[in-house]
Every structure is written in structure tokens, then in C-alpha cells.
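First up is the structure itself, then whatever we jot down about it.
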Amino acid sequence: MEFIFAFIAGALGISEYWANVIVSAIEAGSTVLALISLFASFGLTSALILTARSLLKKGAKKTAVAY
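Just so you know, we're using the UniProt record's numbering here: the sequence shown kicks off at 1 and counts up by one.
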């Protein structure tokens, strides 16, 4: 399953580095609005950010990065 998310992220042009930056920002407690304004240039939507955030709350950091 994680492979599928990683493939989608790769297809979208989001590198693993930037995925880790996004996940770190979520873990640091950034608000969704702040994240959207920071990463809008990547075409990230609030739905993607909220999904990654919920994955992190469940303790699935690797899956969140892949997503």
C-alpha cells in the first residue's frame, strides 16, 4: 500500500525530501491553513494535508510520508 502512495507522490513530483518537510511541519503543530499556504505551489490540497495529518495521529509516519 505504501508503494502506491509513494508512486503517486513521485508522479506528482513531490520528492521524499519535501514529503518529510511537510510531515515535520504537521508534527510541529502547524495549522492546516499555514500548511496550505506554504505548500500550495506543490498543488497540495487541504484534503491531502488533512489525510496526512490523520495518518500521523495514528502513528503512521512512514505511510504519511509516502502519501
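Note that the Cβ used here is the ideal one computed from N, Cα and C, for glycine as well.
- Your pair residue 22 and residue 56 does not check out as a contact, with CB atoms roughly 10 Å apart and the cut at 8 Å.
- Classified as buried, residue 19 has 16 or more neighbouring CB atoms from the shown chains inside 10 Å of its CB.
- Residue 57 carries a helical assignment under DSSP once its states are collapsed to helix, strand and coil.
- For the pair residue 29 and residue 52, the Cα-to-Cα distance works out to about 13 Å.
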